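Student: As given, the protein sequences belong to chains W and F, one line each in that order.
The opening position of the first sequence corresponds to residue 1 in our numbering, with each subsequent residue numbered one higher.
The opening position of the second sequence corresponds to residue 1001 in our numbering, with each subsequent residue numbered one higher.
Just so you know, even glycine gets a beta-carbon here, dropped at the ideal spot from N, CA and C.
Computed from a prediction, not measured in an experiment: that's the story for all the values here.
There are 2 protein chains.
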Amino acid sequence: MTSATILIVDDETAIREMIRVGLELAGYECLEASNAQDAHGIIVDQRPDLVLLDWMMPGTSGLELLRRLRRDELTRDLLVIMLTAKDDEDNRVQGLDVGADDYITKPFSSRELMARIKAIMRRSTNRDEEESIEVAGLKLDPSSHRVFVDATPLDMGPTEFKLLKFFMTHQERAYSRGQLLDQVWGTNVYVEERTVDVHIRRLRKALQTELRDCGLLIQTVRGTGYRFSTTGVCA
Amino acid sequence: MTSATILIVDDETAIREMIRVGLELAGYECLEASNAQDAHGIIVDQRPDLVLLDWMMPGTSGLELLRRLRRDELTRDLLVIMLTAKDDEDNRVQGLDVGADDYITKPFSSRELMARIKAIMRRSTNRDEEESIEVAGLKLDPSSHRVFVDATPLDMGPTEFKLLKFFMTHQERAYSRGQLLDQVWGTNVYVEERTVDVHIRRLRKALQTELRDCGLLIQTVRGTGYRFSTTGVCA
DNA sequence: TTAAACTGTCATAAAATTGTCACTTAAAAT
DNA sequence: ATTTTAAGTGACAATTTTATGACAGTTTAA
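Below you can see the structure in the form of structure tokens.
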């Protein structure tokens, strides 16, 4: 496996050092930048595989840099993990919307950081599989972000879409509410497990066309969670 | 669900109390320690599921204790959430690499603490993949949490599922009701032994398809208990 | 800015599961 | 053949776990 290159952007030298040591130990190649300007140059020039970007920095903020990266066609798909301080937490949602692939709150453990990096990279490796998935007469098209049953588009919210996508790519297996939260909502999002039930309901409702109102696709696994299965669907 | 045990380590009694009340209200069992020495003893002795560890304490610091825990094979995987005060934040770089599973900065809301605990615990419950077991035309698949006879899924309750799973992994041997209670229901659960009979019946019923109504799989061992056996099945 | 769309939580209704009984049936023991 | 003891069953009420509808706070789009 070709070792990935990671750019660390943080104005605090100590933090950069700490992270770098850990990453290099784990076999990653590291680049560093202490401000957004340098970072941008390095990104364009060296094309790292992933950027660890501090939220707060003197001058151009990490947030601003992220926005710029996402605007540019060349850097749009760059993986970015935002490093936020506790105080910034309120803004994290905003950060994700701008398009960070993940964020991690300082202070964090190297364990956690490593786990996130691996998770993100793994996810991106499969990014080519953005072909539409088709299961049980259901077609999910990631690029257009829509779901069809036969030719008619179904209407559902973003969360339901993500949930369905996860289910369609992980069929025939039971997942606990906790696992679904991790997989669909993302790690480090604190949401009640019961919320999953509600979205399951919304998804079931959305999938329920006049024709196919057999709600058997998303099955309840009592005491455990839910399962997406085509077995036993529509007699 | 078995409630988890959490050890609270903080030198301030008031804080421990506050946390304990909240956790117990949420159904967790709590242990307390006011210093690192005691904490270590309790950890080794009682093996809590998670430790809330104050960073700053007189004597051995929480940081030092965490280091020690991570060094020891027996406590390496223990979940630890560090409680840090605002003032400690300067030192956080030091702690980044010690390997706490999460950090939370004082003062924090009980809601936040609860959320983190839940998140951490569910993430750690990464049960490894279990192979599906197949016996006598019966297939039990742990990952999908289902049982099939040929290709048709069988319907049964959680307890019956656990019972069947136990039997399928412990064939050809007689178990007393008491042993079954221990193995399937879990130790220290007060349930009448005769209850086993009822669940055995329910399981037998569930396994009884139109085709295979030979209830010989689960055999009665008079005066002793039950046995799962493939010998003498379906004449 | 307003209206429409989403989200996460609750409270409450609905279902499914559980442990026990009381009673029947089957197997040993007398 | 009777009596005794163990196991099989159907019925229940209590308890758990899910399903749902309603809401209030937010975000998004027009």
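Can you look up F:Thr-1220 in the DSSP assignment and give me helix, strand or coil?
Tutor: Here residue 1220 of chain F corresponds to residue number 220 of the second sequence, with the count starting at 1. Reduced to three states, the DSSP call for F:Thr-1220 is strand.
Student: Where DSSP assigns a beta bridge to F:Val-1021, which residues make up the other side?
Tutor: For this step, residue 1021 of chain F is matched to residue 21 along the second sequence. According to DSSP, which records beta bridges pairwise, F:Val-1021 is partnered with nothing at all.
Student: Can you give the Cα-Cα distance for F:Leu-1163 and F:Val-1184, rounded to whole angstroms?
Tutor: Translated into the one-based positions of the second sequence, residue 1163 of chain F becomes position 163. Translated into the one-based positions of the second sequence, residue 1184 of chain F becomes position 184. Going by the C-alpha atoms only, they are around 6 angstroms apart.
Student: Taking the CB atoms as reference points, tell me whether F:Asp-1101 and F:Ile-1117 lie closer together than 8 angstroms.
Tutor: Stepping through the second sequence from its first residue, residue 1101 of chain F is reached at position 101. Stepping through the second sequence from its first residue, residue 1117 of chain F is reached at position 117. No; because the gap between Cβ atoms is not below 8 angstroms, this pair is not in contact.
Student: Specify the secondary structure class of W:Met-108 as computed by DSSP and reduced to three states.
Tutor: For this step, residue 108 of chain W is matched to residue 108 along the first sequence. Looking at the sequence provided, one finds Phe at residue 108 of chain W rather than Met. Note: W:Phe-108 maps to coil in three-state DSSP.
Student: Taking Cβ to Cβ, would you say F:Leu-1079 is nearer than 8 angstroms to F:Ile-1120?
Tutor: For the purposes of this step, residue 1079 of chain F is taken as the residue at position 79 of the second sequence. For the purposes of this step, residue 1120 of chain F is taken as the residue at position 120 of the second sequence. Going by C-beta atoms, F:Leu-1079 is nearer than 8 angstroms to F:Ile-1120.
Student: Any idea if F:Gly-1225 is buried or exposed, counting beta-carbon neighbours within 10 angstroms, 16 or more meaning buried?
Tutor: For the purposes of this step, residue 1225 of chain F is identified with residue 225 of the second sequence, where counting begins at 1. So F:Gly-1225 ends up on the buried side.
Student: Near W:Val-93, which residues of its chain fall below 7 angstroms by C-beta distance, leaving aside the five closest residues on each side in sequence?
Tutor: Residue mapping note: residue 93 of chain W aligns to position 93 of the first sequence, counting from 1. Its pLDDT being 46, under 50, W:Val-93 is placed unreliably by the model, and the measurement read from it follows with that caveat. Answer for W:Val-93: no residue qualifies.
Student: Within 10 angstroms of the Cβ of F:Tyr-1103, are there 16 or more other Cβ atoms? Answer buried if so, exposed if not.
Tutor: Sequence index remark: in the second sequence, residue 1103 of chain F carries index 103 (1-based). Classification of F:Tyr-1103: buried, given that the 10 Å Cβ count is 16 or more.
Student: Between W:Leu-66 and W:Leu-53, which are expected to be in contact by the criterion C-beta below 8 angstroms, what is the C-beta distance as a whole number of angstroms?
Tutor: For the purposes of this step, residue 66 of chain W is identified with residue 66 of the first sequence, where counting begins at 1. For the purposes of this step, residue 53 of chain W is identified with residue 53 of the first sequence, where counting begins at 1. About 6 angstroms; that satisfies the 8 angstroms criterion.
Student: CB-CB under 8 angstroms to W:Leu-31, same chain, minus the five flanking residues each way: which ones, in chain order?
Tutor: Stepping through the first sequence from its first residue, residue 31 of chain W is reached at position 31. Within the same chain, W:Leu-31 has close Cβ partners Thr-5, Ile-6, Leu-7, Ile-8, Ile-42, Gln-46, Pro-48.
Student: I want to see whether chain W comes within less than 8 angstroms of F:Val-1009, judged by CB atoms only; does it?
Tutor: Your numbering for residue 1009 of chain F matches position 9 in the second sequence. Taking Cβ atoms only, chain W never reaches closer than 8 angstroms to F:Val-1009, which makes this a no.
Student: Hey, is F:Val-1051's beta-carbon within less than 8 angstroms of any beta-carbon in chain W?
Tutor: As a position in the second sequence, residue 1051 of chain F is number 51, starting the count at 1. False, the Cβ-Cβ gap to chain W never drops below 8 angstroms.
Student: Could you compute how far the alpha carbon of W:Gln-179 sits from the alpha carbon of F:Arg-1122?
Tutor: If you number the first sequence from 1, residue 179 of chain W lands on position 179. If you number the second sequence from 1, residue 1122 of chain F lands on position 122. The alpha-carbon atoms of W:Gln-179 and F:Arg-1122 are separated by roughly 7 angstroms.
Student: Which residues in chain W have a C-beta closer than 9 angstroms to the C-beta of F:Arg-1122? List them in chain order.
Tutor: The count along the second sequence starts at 1 and reaches residue 1122 of chain F at position 122. The answer, in chain order, is Ser-176, Arg-177, Gly-178, Gln-179, Leu-181, Asp-182, Glu-193.
Student: For W:Asp-54, write down the residues that DSSP places opposite it in a beta bridge.
Tutor: Against the first sequence, residue 54 of chain W aligns to sequence position 54. DSSP lists W:Leu-83 as partners of W:Asp-54.
Student: Using the C-alpha atoms, what's the distance from W:Gln-208 back to W:Pro-142?
Tutor: For the purposes of this step, residue 142 of chain W is identified with residue 142 of the first sequence, where counting begins at 1. For the purposes of this step, residue 208 of chain W is identified with residue 208 of the first sequence, where counting begins at 1. About 20 angstroms.
Student: Using CA coordinates, which residue listed in F:His-1145, F:Ser-1109, F:Gly-1137, F:Asp-1011 is at the minimum distance from F:Ser-1034?
Tutor: Position 34 of the second sequence, counted from the first residue, corresponds to residue 1034 of chain F. The shortest C-alpha separation from F:Ser-1034 is found at F:Asp-1011.
Student: Anyone know if the C-beta pair for W:Ile-218 and W:Met-168 falls short of 8 angstroms?
Tutor: Translated into the one-based positions of the first sequence, residue 218 of chain W becomes position 218. Translated into the one-based positions of the first sequence, residue 168 of chain W becomes position 168. Not in contact: W:Ile-218 and W:Met-168 (Cβ atoms no closer than 8 angstroms).
Student: Counting only beta-carbon separations shorter than 8 angstroms, does W:Pro-48 have a partner in chain F?
Tutor: Residue mapping note: residue 48 of chain W aligns to position 48 of the first sequence, counting from 1. Output row for W:Pro-48: interface = no.
Student: For F:Thr-1230, I'd like the list of residues in its chain whose CB is within less than 6 angstroms of its CB, leaving aside the five on either flank, ordered along the chain.
Tutor: Position 230 of the second sequence holds residue 1230 of chain F. Cβ neighbours of F:Thr-1230 beyond the five flanking positions: Ala-1136.
Student: Would F:Glu-1017 be called buried (16 or more neighbouring beta carbons within 10 Å of its own) or exposed?
Tutor: In the second sequence, the residue the question calls residue 1017 of chain F occupies position 17. By the 10 Å Cβ count, F:Glu-1017 comes out exposed.
Student: For F:Ile-1200, which residues of its own chain have a beta-carbon under 7 angstroms away from its beta-carbon, when the five flanking residues on both sides are left out?
Tutor: Working through the second sequence from its first residue, we reach residue 1200 of chain F at position 200. Same-chain partners within the cutoff: Ile-1218, Tyr-1226.
Student: Using a Cβ-Cβ cut-off of less than 9 angstroms, list which residues of the segment 24 to 42 of chain W approach chain F; keep chain order.
Tutor: For the segment 24 to 42 of chain W, which is checked against every Cβ of chain F, not one residue is closer than 9 angstroms.
Student: Tell me F:Asp-1102's beta-bridge partners as DSSP assigns them.
Tutor: Taking the second sequence and counting its residues from 1, the one referred to as residue 1102 of chain F is at position 102. Answer is F:Ile-1081.
Student: Beta-carbon of W:Ser-144 versus every beta-carbon of chain F: anything under 8 angstroms?
Tutor: Numbered from 1 along the first sequence, position 144 holds the residue referred to as residue 144 of chain W. Chain F contact via Cβ: absent.
Student: Between the Cα of F:Thr-1084 and those of F:Arg-1177, F:Gly-1186, F:Ile-1015, F:Gly-1157, spot the shortest distance and give me the residue it belongs to.
Tutor: As a working note, residue 1084 of chain F is residue 84 in the second sequence. That would be F:Ile-1015, whose Cα lies nearest to the Cα of F:Thr-1084.
Student: Determine the closest residue to F:Ala-1026 out of F:Met-1114, F:Glu-1193, F:Asp-1077, with distance taken between C-alpha atoms.
Tutor: Indexing the second sequence from 1 puts residue 1026 of chain F at position 26. Comparing Cα positions, the closest option is F:Met-1114.
Student: Rounded to a whole number of angstroms, what is the C-alpha to C-alpha distance between W:Glu-160 and F:Val-1147?
Tutor: Taking the first sequence and counting its residues from 1, the one referred to as residue 160 of chain W is at position 160. Taking the second sequence and counting its residues from 1, the one referred to as residue 1147 of chain F is at position 147. Approximately 28 angstroms between the Cα atoms of the pair.
Student: To which residues of the same chain is F:Thr-1060 closer than 6 angstroms at the C-beta, ignoring the five residues directly before and after it?
Tutor: Locating residue 1060 of chain F in the second sequence gives position 60, where the first residue counts as 1. Cβ within range, chain order: Ala-1036.
Student: Identify the continuous alpha helix (DSSP H) that holds F:Val-1044 and give its terminal residues.
Tutor: For the purposes of this step, residue 1044 of chain F is taken as the residue at position 44 of the second sequence. 1036 to 1046 is the extent of the alpha helix (DSSP H) around F:Val-1044.
Student: So if DSSP puts F:Val-1009 in a beta bridge, which residue, or which two residues, is it bridged to?
Tutor: As a working mapping, residue 1009 of chain F is identified with position 9 in the second sequence. Beta-bridge pairing links F:Val-1009 to F:Ala-1033, F:Leu-1053.
Student: Checking 8 angstroms against the spacing of the C-beta atoms, do F:Ser-1144 and W:Arg-173 come in under that value?
Tutor: Indexing the second sequence from 1 puts residue 1144 of chain F at position 144. Indexing the first sequence from 1 puts residue 173 of chain W at position 173. For F:Ser-1144 and W:Arg-173, yes; Cβs fall inside 8 angstroms.
Student: With F:Gly-1157 and F:Arg-1194 assumed to form a contact (beta carbons below 8 angstroms), what rounded beta-carbon distance in angstroms separates them?
Tutor: Along the second sequence, one-based indexing puts residue 1157 of chain F at 157. Along the second sequence, one-based indexing puts residue 1194 of chain F at 194. Their Cβ separation, rounded to whole angstroms, is 18 angstroms, which puts F:Gly-1157 and F:Arg-1194 out of contact at 8 angstroms.
Student: Give a yes or no on whether the minimum CB-CB distance between F:Ala-1119 and chain W is below 8 angstroms.
Tutor: For this step, residue 1119 of chain F is matched to residue 119 along the second sequence. Taking Cβ atoms only, chain W reaches closer than 8 angstroms to F:Ala-1119, which makes this a yes.
Student: Excluding sequence positions up to five away, which residues of its chain have a Cβ less than 8 angstroms from the Cβ of F:Asp-1090?
Tutor: Taking the first residue of the second sequence as 1, we reach residue 1090 of chain F at position 90. Below a pLDDT of 50, predicted positions are generally treated as unreliable, and F:Asp-1090, at 49, falls in that range; no measurement from the model is reported.
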